[in-house]
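> Residue numbers (our numbering): 471 to 642.
All residues carry an ideal CB built from backbone N, CA and C; glycine is no exception.
What follows is a single structure, and I will ask about it in a moment.
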């Protein structure tokens, strides 16, 4: 299976879907978190990036999530040269597993098992987490975080801020 950059997607370890202590932990990262980790190299969250790169976490994504990351990297407000954009994107893509490459993908025919995010552009992250049997969706997006506070996910996966993910890592 090839990812959007044409490179082979590296599949995660095939762990039982119901396990909450799965190793590696399956994690979906939203675009804001990816920009923090792969463009600005936010040192507060360096451990999160290390978890992805050393295989402690299995980063899960979808074609639509990766396309958004690639598009956001080109935003003029970041002022990133094309080479920097490609490097950030390629660096993450080398570590990610596409939902479609997972052997036990459980694609629902609709999003009926998921709450609808107030921001429709963020629904793709919920879908990637569900379809990839993720343990965590790490985000700083308020529209996604409100779903966690309202306990609308029916124990499918947890939505965590980067700070909460870091605290959970440091506590383990």
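(1) Since residue 558 contacts residue 508 with CB under 8 Å, what's their CB separation in whole angstroms?
(2) If you run the structure through DSSP and keep just helix, strand and coil, what is residue 593?
(3) So, helix, strand or coil for residue 552, using DSSP?
(4) Could you say which of 560, 495, 614 lies nearest to residue 584 if we only look at CA atoms?
(5) Output needed for residue 482: all residues of its chain with C-beta closer than 8 Å, excluding positions within five of it in sequence on either side, in chain order.
(6) Return yes when the Cβ of residue 504 is within less than 8 Å of the Cβ of residue 545, no when it is not.
(7) Just the Cα atoms here: how many angstroms apart are residue 517 and residue 586?
(8) Can you tell me where the alpha helix (DSSP H) holding residue 521 begins and where it ends?
(9) Cα-Cα, which of 501, 525, 569 is closest to residue 542?
(10) Compute the Euclidean distance between the alpha carbons of residue 640 and residue 523, then round it to the nearest angstrom.
(11) Compute the beta-carbon to beta-carbon distance between residue 515 and residue 607, rounded to the nearest angstrom, for a pair I have assumed lies under 8 Å.
This is what the structure holds:
(1) Numbered from its first residue, the chain shown carries residue 558 at position 88. Numbered from its first residue, the chain shown carries residue 508 at position 38. Contact flag correct, Cβ pair sits at about 4 Å.
(2) Within the chain shown, residue 593 is the residue found at index 123, counting from 1. Three-state DSSP puts residue 593 in a helix.
(3) Taking the first residue of the chain shown as 1, we reach residue 552 at position 82. It is helical.
(4) Against the chain shown, residue 584 aligns to sequence position 114. Looking at 560, 495, 614, the one whose alpha-carbon comes closest to that of residue 584 is 614.
(5) On the chain shown, residue 482 is found 12 positions in, with the first residue counted as 1. Low confidence applies here, because residue 482 scores a pLDDT of 44, under 50, leaving its location unreliable; read the following figure in that light. So the qualifying residues of the chain are 494, 496, 528, 530, 567, 572.
(6) Your numbering for residue 545 matches position 75 in the chain shown. Your numbering for residue 504 matches position 34 in the chain shown. Cβ atoms of residue 545 and residue 504: not closer than 8 Å.
(7) What you label residue 517 is simply residue 47 of the chain shown in a count that begins at 1. What you label residue 586 is simply residue 116 of the chain shown in a count that begins at 1. Answer to the nearest angstrom: the Cα atoms are 31 Å apart.
(8) If you number the chain shown from 1, residue 521 lands on position 51. Segment 516-523, the alpha helix (DSSP H) holding residue 521.
(9) The count along the chain shown starts at 1 and reaches residue 542 at position 72. Taking only the C-alpha atoms, the option nearest residue 542 is 501.
(10) Here residue 640 corresponds to residue number 170 of the chain shown, with the count starting at 1. Here residue 523 corresponds to residue number 53 of the chain shown, with the count starting at 1. Cα to Cα, residue 640 sits roughly 17 Å from residue 523.
(11) Counting from one through the chain shown, the residue named residue 515 turns up at place 45. Counting from one through the chain shown, the residue named residue 607 turns up at place 137. Rounded, the Cβ-Cβ distance is 15 Å, inconsistent with contact.
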